[in-house]
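Asker: Take the sequence shown: its position 144, counting from 1, is numbered 150 in my numbering, and each next residue is one higher.
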Amino acid sequence: AIASKETGCPTTTHTTNGGGLEEAQLLIKHGAKPEKVIIGHQGHQDDRENDEANEYHTIIARLGCFVQFDRVDHKEYSVASQARQIKQLIGAGFGKQILVSHDHSPFYYPKFAVSEKRAADWKQLEPDYTTVTTKLVAALKELDVSEAEIRTILIKNPQRVLAF
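What follows is the structure, encoded as structure tokens:
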């Protein structure tokens with residue numbers, strides 16, 4: 007919040023199975039501009055109870071923050087589920103506060119907490135970096151999300167929040 011306040015840079019968070027609302031409230035309380043707060047890893051158990059927490063996402067968006075669906079097509083973040091939740095936020099009037107991505111990496115270190123890391127422990131993945139632009143876009147179109155709304159989510163929203 008302090009760095010964002012001083013520089014104008016956005017703050018993007020990672021949360022899993024809850025905590026996003028508390029993150030947003032804490033950052034805003036400490037001076038971050040809501041339009042520069044991105045609450046990430048949304049789309050599964052975000053309210054700690056429901057697989058699709060539409061009301062929870064709406065509360066975060068009402069604060070002025072971005073709701074980021076950045077695990078599209080991961081194990082518990084199916085494309086169809088992500089598309090439904092995105093459609094709901096658009097229908098509630100928050101299309102300009104949605105971000106999406108894959109959150110994939112080609113390598114990861116599963117024992118991230120150990121102090122000494124061996125090169126042999128790195129794991130290699132083969133992520134599909136086209137999931138958003140192919141599978142998610144197709145699923146959104148099936149739900150009658152317009153080309154203009156998709157363009158806003160994929161291009162205009164990142165341009166606006168990431169520029170500083």
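Note that beta-carbon positions come from the ideal geometry of N, C-alpha and C, so glycine has one too.
The structure displayed is predicted, hence computed values, not measured ones.
DSSP has K4 in a bridge; who is on the other side?
Answerer: This structure does not reach residue 4, given that the chain is present from 7 up to 170, and the question cannot be answered.
Asker: Where do the ends of the beta strand (DSSP E) carrying Q74 lie?
Answerer: Q74 -> beta strand (DSSP E) spans F72 to F75.
Asker: If contact is defined by three or more beta carbon pairs under 8 Å, each pair taking one atom from either stretch, is the stretch 45-54 in contact with the stretch 63-81?
Answerer: Counting Cβ pairs under 8 Å, three or more are found: they touch.
Asker: To the nearest angstrom, how far is it from the Cα of T140 to the Cα of P133?
Answerer: Cα to Cα, T140 sits roughly 14 Å from P133.
Asker: Among E41, T137 and L146, which residue has its Cα nearest to the Cα of I96?
Answerer: Checked all of E41, T137 and L146; the closest Cα to I96 is L146.
Asker: Please say whether G26 and I45 have beta carbons closer to each other than 7 Å?
Answerer: Against a cut-off of 7 Å, the Cβ pair of G26 and I45 comes out as a contact.
Asker: Assign L105 to one of three DSSP states: helix, strand, or coil.
Answerer: It is a strand residue.
Asker: Just the C-alpha distance for F120 and I156, rounded to the nearest angstrom, thanks.
Answerer: Position check: residue 120 holds Val in this sequence, whereas Phe was assumed. Approximately 41 Å, taken between the alpha carbons.
Asker: If you drop the 5 nearest sequence neighbours on each side, which residues of the same chain put their C-beta closer than 7 Å to that of K102?
Answerer: Taken in chain order, the residues that qualify are T158 and N163.
Asker: So the alpha helix (DSSP H) V143 belongs to, where does it begin and stop?
Answerer: Where V143 is concerned, the enclosing alpha helix (DSSP H) stretches over V143 to E148.
Asker: How would you label P16, buried or exposed, when you count the other beta carbons within 10 angstroms and need 16 or more for buried?
Answerer: Buried, by the Cβ-count rule.
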